[in-house]
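A short worksheet on the structure shown next.
In the working numbering, the protein residues as written are 7 to 293.
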(Lines of atoms letter the chains of each structure in order from A; the text may use other names.)
(Lines give C-alpha, C1' and ligand atoms only; values in the text may rest on other atoms or scores of the structure.)
Protein backbone atom coordinates (compact mmCIF):
# COMPACT_ATOMS: atom_id res chain seq x y z
CA UNK A 7 0.00 0.00 0.00
CA UNK A 8 2.78 2.38 0.93
CA UNK A 9 4.63 1.53 -2.28
CA UNK A 10 1.55 2.35 -4.37
CA UNK A 11 1.10 5.61 -2.51
CA UNK A 12 4.76 6.53 -3.01
CA UNK A 13 4.54 5.66 -6.73
CA UNK A 14 1.37 7.72 -7.09
CA UNK A 15 3.06 10.67 -5.35
CA UNK A 16 6.14 10.50 -7.64
CA UNK A 17 4.22 10.43 -10.92
CA UNK A 18 4.93 14.03 -11.88
CA UNK A 19 8.70 13.74 -11.32
CA UNK A 20 8.88 10.83 -13.76
CA UNK A 21 7.09 12.81 -16.46
CA UNK A 22 8.54 15.87 -18.20
CA UNK A 23 5.07 17.03 -19.18
CA UNK A 24 2.66 15.73 -16.50
CA UNK A 25 -1.11 15.99 -16.66
CA UNK A 26 -2.91 18.10 -14.10
CA UNK A 27 -3.91 15.03 -12.08
CA UNK A 28 -0.23 13.98 -11.88
CA UNK A 29 1.01 17.20 -10.31
CA UNK A 30 2.07 16.99 -6.68
CA UNK A 31 0.68 20.45 -6.10
CA UNK A 32 -2.72 19.40 -7.44
CA UNK A 33 -2.73 16.29 -5.26
CA UNK A 34 -1.77 18.39 -2.27
CA UNK A 35 -4.52 20.92 -3.07
CA UNK A 36 -7.28 18.37 -2.48
CA UNK A 37 -5.49 15.96 -0.14
CA UNK A 38 -4.54 18.53 2.50
CA UNK A 39 -8.10 19.92 3.04
CA UNK A 40 -9.51 16.37 2.98
CA UNK A 41 -7.03 15.04 5.55
CA UNK A 42 -7.51 18.13 7.72
CA UNK A 43 -11.27 17.68 7.50
CA UNK A 44 -10.95 14.04 8.57
CA UNK A 45 -8.67 14.83 11.52
CA UNK A 46 -10.85 17.65 12.84
CA UNK A 47 -13.99 15.58 12.34
CA UNK A 48 -12.58 12.69 14.37
CA UNK A 49 -11.46 15.03 17.15
CA UNK A 50 -14.85 16.75 17.29
CA UNK A 51 -16.67 13.42 17.13
CA UNK A 52 -14.79 12.22 20.20
CA UNK A 53 -14.88 15.55 22.01
CA UNK A 54 -18.66 15.84 21.65
CA UNK A 55 -19.18 12.10 22.25
CA UNK A 56 -21.49 12.01 19.25
CA UNK A 57 -21.83 8.23 19.38
CA UNK A 58 -24.18 8.76 22.33
CA UNK A 59 -26.66 10.68 20.14
CA UNK A 60 -29.49 9.07 18.21
CA UNK A 61 -29.60 9.44 14.43
CA UNK A 62 -31.83 12.38 13.53
CA UNK A 63 -32.73 13.82 10.13
CA UNK A 64 -34.84 16.75 11.31
CA UNK A 65 -33.79 20.19 10.16
CA UNK A 66 -32.81 21.20 13.69
CA UNK A 67 -30.56 18.14 13.97
CA UNK A 68 -28.94 18.80 10.60
CA UNK A 69 -28.37 22.45 11.47
CA UNK A 70 -26.90 21.46 14.83
CA UNK A 71 -24.62 18.95 13.12
CA UNK A 72 -23.45 21.64 10.68
CA UNK A 73 -22.70 24.00 13.57
CA UNK A 74 -20.62 21.32 15.23
CA UNK A 75 -18.69 20.39 12.06
CA UNK A 76 -18.63 23.88 10.53
CA UNK A 77 -14.85 24.36 10.69
CA UNK A 78 -13.98 20.94 9.18
CA UNK A 79 -16.52 21.54 6.39
CA UNK A 80 -14.97 24.91 5.59
CA UNK A 81 -11.55 23.29 5.54
CA UNK A 82 -12.84 20.65 3.13
CA UNK A 83 -14.39 23.34 0.92
CA UNK A 84 -10.95 24.90 0.48
CA UNK A 85 -10.05 22.04 -1.86
CA UNK A 86 -12.19 23.57 -4.64
CA UNK A 87 -10.50 27.00 -4.89
CA UNK A 88 -7.07 25.49 -4.26
CA UNK A 89 -7.39 22.92 -7.05
CA UNK A 90 -8.82 25.68 -9.27
CA UNK A 91 -5.74 27.85 -8.67
CA UNK A 92 -3.42 24.93 -9.39
CA UNK A 93 -5.36 24.15 -12.58
CA UNK A 94 -5.11 27.78 -13.73
CA UNK A 95 -1.37 27.83 -13.03
CA UNK A 96 -0.87 24.53 -14.85
CA UNK A 97 -2.81 25.86 -17.84
CA UNK A 98 -0.65 28.99 -17.99
CA UNK A 99 2.53 26.91 -17.77
CA UNK A 100 1.32 24.66 -20.60
CA UNK A 101 0.44 27.70 -22.71
CA UNK A 102 3.87 29.21 -22.07
CA UNK A 103 5.57 25.95 -23.07
CA UNK A 104 3.47 25.79 -26.23
CA UNK A 105 4.44 29.36 -27.14
CA UNK A 106 8.13 28.62 -26.50
CA UNK A 107 7.93 25.47 -28.62
CA UNK A 108 6.21 27.36 -31.44
CA UNK A 109 8.83 30.12 -31.33
CA UNK A 110 11.62 27.55 -31.30
CA UNK A 111 10.13 25.77 -34.31
CA UNK A 112 9.69 29.09 -36.12
CA UNK A 113 13.28 30.07 -35.37
CA UNK A 114 14.52 26.71 -36.63
CA UNK A 115 12.42 26.95 -39.80
CA UNK A 116 13.32 30.60 -40.48
CA UNK A 117 17.02 29.82 -40.06
CA UNK A 118 17.03 27.24 -42.85
CA UNK A 119 14.75 29.34 -45.05
CA UNK A 120 17.18 32.24 -44.63
CA UNK A 121 20.09 30.02 -45.65
CA UNK A 122 18.14 28.80 -48.67
CA UNK A 123 17.32 32.38 -49.71
CA UNK A 124 20.99 33.35 -49.29
CA UNK A 125 22.18 30.42 -51.38
CA UNK A 126 19.69 31.17 -54.14
CA UNK A 127 20.85 34.78 -54.16
CA UNK A 128 24.59 34.14 -54.34
CA UNK A 129 25.14 30.70 -55.86
CA UNK A 130 25.27 32.32 -59.32
CA UNK A 131 26.23 35.85 -58.36
CA UNK A 132 26.83 38.05 -61.41
CA UNK A 133 27.60 41.74 -61.75
CA UNK A 134 27.75 44.10 -64.70
CA UNK A 135 30.58 46.58 -64.19
CA UNK A 136 29.32 49.62 -66.06
CA UNK A 137 32.68 51.35 -66.23
CA UNK A 138 34.46 52.44 -69.39
CA UNK A 139 33.68 49.07 -70.93
CA UNK A 140 31.06 46.57 -69.89
CA UNK A 141 32.49 43.61 -68.02
CA UNK A 142 30.17 40.81 -66.93
CA UNK A 143 31.68 39.06 -63.92
CA UNK A 144 30.26 35.86 -62.48
CA UNK A 145 31.55 34.37 -59.23
CA UNK A 146 31.74 30.70 -58.32
CA UNK A 147 32.17 30.18 -54.57
CA UNK A 148 34.05 27.32 -52.95
CA UNK A 149 31.45 27.23 -50.17
CA UNK A 150 28.21 29.20 -50.01
CA UNK A 151 27.73 27.83 -46.49
CA UNK A 152 31.03 29.36 -45.32
CA UNK A 153 30.15 32.64 -47.00
CA UNK A 154 26.86 32.65 -45.08
CA UNK A 155 28.68 32.03 -41.81
CA UNK A 156 31.08 34.84 -42.68
CA UNK A 157 28.19 37.30 -43.02
CA UNK A 158 26.05 35.88 -40.19
CA UNK A 159 28.59 34.40 -37.76
CA UNK A 160 26.17 34.33 -34.81
CA UNK A 161 23.22 32.63 -36.51
CA UNK A 162 22.26 29.18 -35.29
CA UNK A 163 19.08 27.08 -35.63
CA UNK A 164 18.10 27.99 -32.06
CA UNK A 165 19.28 31.61 -32.22
CA UNK A 166 18.50 33.27 -35.53
CA UNK A 167 18.25 36.86 -36.71
CA UNK A 168 17.97 37.94 -40.32
CA UNK A 169 20.10 41.03 -39.75
CA UNK A 170 23.86 41.21 -39.29
CA UNK A 171 25.23 41.15 -35.74
CA UNK A 172 28.75 42.48 -35.99
CA UNK A 173 29.82 42.20 -32.35
CA UNK A 174 33.05 40.45 -33.30
CA UNK A 175 35.23 39.88 -36.34
CA UNK A 176 33.36 38.30 -39.23
CA UNK A 177 34.06 37.43 -42.84
CA UNK A 178 32.23 40.54 -44.00
CA UNK A 179 34.34 42.87 -41.88
CA UNK A 180 37.43 40.99 -42.97
CA UNK A 181 36.55 41.63 -46.63
CA UNK A 182 35.94 45.30 -45.85
CA UNK A 183 39.34 45.52 -44.19
CA UNK A 184 40.98 44.08 -47.31
CA UNK A 185 39.14 46.54 -49.52
CA UNK A 186 40.24 49.39 -47.30
CA UNK A 187 43.88 48.39 -47.83
CA UNK A 188 43.42 48.01 -51.58
CA UNK A 189 41.68 51.38 -51.92
CA UNK A 190 44.19 53.34 -49.86
CA UNK A 191 44.87 54.97 -53.21
CA UNK A 192 42.02 55.51 -55.70
CA UNK A 193 42.01 53.17 -58.66
CA UNK A 194 42.56 54.94 -61.97
CA UNK A 195 40.51 53.53 -64.84
CA UNK A 196 41.85 55.93 -67.45
CA UNK A 197 45.45 54.97 -66.81
CA UNK A 198 45.20 51.35 -65.73
CA UNK A 199 48.90 50.69 -66.07
CA UNK A 200 49.64 53.25 -63.36
CA UNK A 201 47.78 51.32 -60.67
CA UNK A 202 49.97 49.39 -58.26
CA UNK A 203 47.87 46.62 -56.74
CA UNK A 204 49.37 43.92 -54.55
CA UNK A 205 48.25 40.44 -55.67
CA UNK A 206 48.57 39.20 -52.07
CA UNK A 207 45.98 41.71 -50.83
CA UNK A 208 43.74 40.76 -53.72
CA UNK A 209 44.11 37.05 -52.99
CA UNK A 210 43.28 37.66 -49.31
CA UNK A 211 40.16 39.48 -50.43
CA UNK A 212 39.10 36.58 -52.66
CA UNK A 213 39.76 34.12 -49.84
CA UNK A 214 37.75 36.12 -47.30
CA UNK A 215 34.78 35.90 -49.68
CA UNK A 216 35.35 32.18 -50.47
CA UNK A 217 35.59 32.89 -54.20
CA UNK A 218 36.88 29.89 -56.15
CA UNK A 219 36.52 31.11 -59.72
CA UNK A 220 35.57 34.26 -61.55
CA UNK A 221 34.26 34.33 -65.10
CA UNK A 222 35.00 37.64 -66.82
CA UNK A 223 33.30 38.04 -70.19
CA UNK A 224 33.23 34.27 -70.61
CA UNK A 225 36.86 33.68 -69.59
CA UNK A 226 37.41 31.71 -66.36
CA UNK A 227 40.02 32.66 -63.74
CA UNK A 228 40.89 30.35 -60.87
CA UNK A 229 41.15 32.40 -57.66
CA UNK A 230 42.02 29.70 -55.15
CA UNK A 231 45.08 30.36 -52.94
CA UNK A 232 46.97 27.43 -54.46
CA UNK A 233 46.75 29.13 -57.84
CA UNK A 234 47.79 32.54 -56.58
CA UNK A 235 49.94 33.42 -59.57
CA UNK A 236 47.95 31.59 -62.24
CA UNK A 237 46.05 34.78 -63.03
CA UNK A 238 47.71 36.96 -65.61
CA UNK A 239 48.54 39.78 -63.19
CA UNK A 240 50.36 41.48 -66.03
CA UNK A 241 46.87 42.32 -67.30
CA UNK A 242 45.90 45.06 -64.83
CA UNK A 243 42.47 45.46 -66.41
CA UNK A 244 41.50 41.93 -65.30
CA UNK A 245 42.92 42.52 -61.83
CA UNK A 246 40.97 45.76 -61.40
CA UNK A 247 37.82 44.23 -62.84
CA UNK A 248 37.95 41.46 -60.22
CA UNK A 249 38.53 43.97 -57.43
CA UNK A 250 35.55 46.09 -58.50
CA UNK A 251 33.37 42.99 -58.81
CA UNK A 252 34.36 42.00 -55.24
CA UNK A 253 33.47 45.50 -54.10
CA UNK A 254 29.99 45.15 -55.56
CA UNK A 255 29.68 41.72 -53.95
CA UNK A 256 30.57 43.15 -50.53
CA UNK A 257 28.09 45.98 -50.98
CA UNK A 258 25.43 43.43 -51.91
CA UNK A 259 26.24 41.32 -48.82
CA UNK A 260 26.19 44.45 -46.69
CA UNK A 261 22.70 45.30 -47.92
CA UNK A 262 21.43 41.71 -47.71
CA UNK A 263 22.45 41.50 -44.06
CA UNK A 264 20.97 44.92 -43.20
CA UNK A 265 24.20 45.67 -41.40
CA UNK A 266 25.09 48.99 -39.84
CA UNK A 267 28.55 49.02 -41.42
CA UNK A 268 28.77 52.38 -43.20
CA UNK A 269 30.39 52.28 -46.61
CA UNK A 270 29.96 53.61 -50.12
CA UNK A 271 31.93 53.78 -53.34
CA UNK A 272 32.15 56.42 -56.03
CA UNK A 273 33.53 56.46 -59.55
CA UNK A 274 34.32 59.82 -61.08
CA UNK A 275 33.59 59.72 -64.80
CA UNK A 276 35.62 62.87 -65.36
CA UNK A 277 38.82 61.76 -63.63
CA UNK A 278 38.30 58.02 -64.04
CA UNK A 279 39.07 57.39 -60.36
CA UNK A 280 37.26 54.88 -58.15
CA UNK A 281 37.27 55.41 -54.39
CA UNK A 282 35.68 53.64 -51.43
CA UNK A 283 34.42 55.55 -48.42
CA UNK A 284 34.27 53.67 -45.11
CA UNK A 285 33.10 56.77 -43.28
CA UNK A 286 35.99 56.76 -40.87
CA UNK A 287 35.69 53.18 -39.61
CA UNK A 288 39.06 51.49 -39.24
CA UNK A 289 38.86 47.82 -40.19
CA UNK A 290 42.62 47.33 -40.31
CA UNK A 291 42.57 46.41 -36.60
CA UNK A 292 40.43 43.39 -37.45
CA UNK A 293 43.14 41.77 -39.56
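Note that beta-carbon positions come from the ideal geometry of N, C-alpha and C, so glycine has one too.
Residue i to residue j, Cα distance in whole Å?
i           : j           : result
residue 184 : residue 118 : 30 Å
residue 66  : residue 35  : 33 Å
residue 126 : residue 108 : 27 Å
residue 213 : residue 261 : 20 Å
residue 175 : residue 263 : Any reading at residue 175 needs caution, since the residue's pLDDT is 49, under 50, leaving its predicted position unreliable; the model's value is listed next. Each residue's alpha carbon lies about 15 Å from the other.
residue 230 : residue 146 : 11 Å
residue 281 : residue 220 : 22 Å
residue 162 : residue 209 : 29 Å
Within 10 Å of its beta-carbon, does residue i have 16 or more other beta-carbons around it, so buried, or fewer, so exposed?
i           : result
residue 70  : exposed
residue 86  : exposed
residue 195 : buried
residue 188 : buried
residue 205 : exposed
residue 61  : exposed
residue 156 : buried
residue 115 : exposed
residue 283 : exposed
Below 6 Å CB to CB, which residues in the same chain sit around residue i once its five sequence neighbours on both sides are set aside?
i           : result
residue 164 : none
residue 215 : 181
residue 31  : 92
Residue range of the beta strand (DSSP E) that residue i falls in?
i           : result
residue 283 : 279-283
Are residue i and residue j closer than 8 Å when you measure CB to CB?
i           : j           : result
residue 153 : residue 251 : no
residue 81  : residue 42  : yes
residue 150 : residue 128 : yes
residue 77  : residue 46  : yes
residue 120 : residue 168 : yes
residue 254 : residue 99  : no
residue 198 : residue 242 : yes
residue 97  : residue 148 : no
With 8 Å as the threshold, decide whether the Cβ of residue i is near any Cβ in chain B.
i           : result
residue 179 : Of the protein chains in the structure, only one exists, and it is not chain B.
Identify the continuous alpha helix (DSSP H) that holds residue i and give its terminal residues.
i           : result
residue 41  : 30-53
residue 127 : 85-128
Looking only at its own chain, which residues have a Cβ that is under 8 Å from the Cβ of residue i, when we skip the five neighbours before and after it?
i          : result
residue 89 : 32, 35, 36
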